[in-house]
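> For any residue, its number in our numbering is found by taking its place in the sequence shown, counting from 1, and adding 191. The structure under discussion is supplied below as structure tokens; questions concerning it will follow.
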Amino acid sequence: MAVQRKHSDLPPRYEATEFTTEQRHRFTKVANAAQKRRAFYKRAIESSLVGKMKERALKPVLVPRDDKPRKIGQVIWLITFLLVGLWAMYMYS
192 MAVQRKHSDL PPRYEATEFT TEQRHRFTKV ANAAQKRRAF YKRAIESSLV
242 GKMKERALKP VLVPRDDKPR KIGQVIWLIT FLLVGLWAMY MYS
């Protein structure tokens, strides 16, 4: 299997000179209608029962803890280790 370089110079989807003005207008109208339809379906799914079940399933179960008790514990352990270190330096110097 041959390895090819990545194509960075892709041509546009259509050349402006290939279509008449009427064809470009129809192309734009169809593309806009498709975008509206996708947005409508997305809103319908989000507001339906399936969408609500999906939201409920993806909702985090664990309640986020407050970080303050964890920080207080870290400070207490830091002071304890510092005092043990000072005691060891005093006793073994």
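C-beta: ideal position from N, C-alpha, C; glycine also.
Please look up how many angstroms separate the CB atoms of phenylalanine 218 and phenylalanine 210, rounded, as I've assumed it's under 8 Å.
7 Å
> In the DSSP assignment, find the alpha helix (DSSP H) that holds glutamate 246 and state where it starts and stops.
240 to 249
> Using DSSP with H/G/I as helix, E/B as strand and the rest coil, what is leucine 253?
coil
> Give me the Cα-Cα distance between leucine 273 and valine 252, rounded to the nearest whole angstrom.
About 38 Å.
> Run through DSSP, which three-state label would glutamine 265 get?
helix
> From lysine 220 to glutamate 213, what does the alpha carbon distance come to, in whole angstroms?
11 Å
> Using DSSP with H/G/I as helix, E/B as strand and the rest coil, what is threonine 271?
helix
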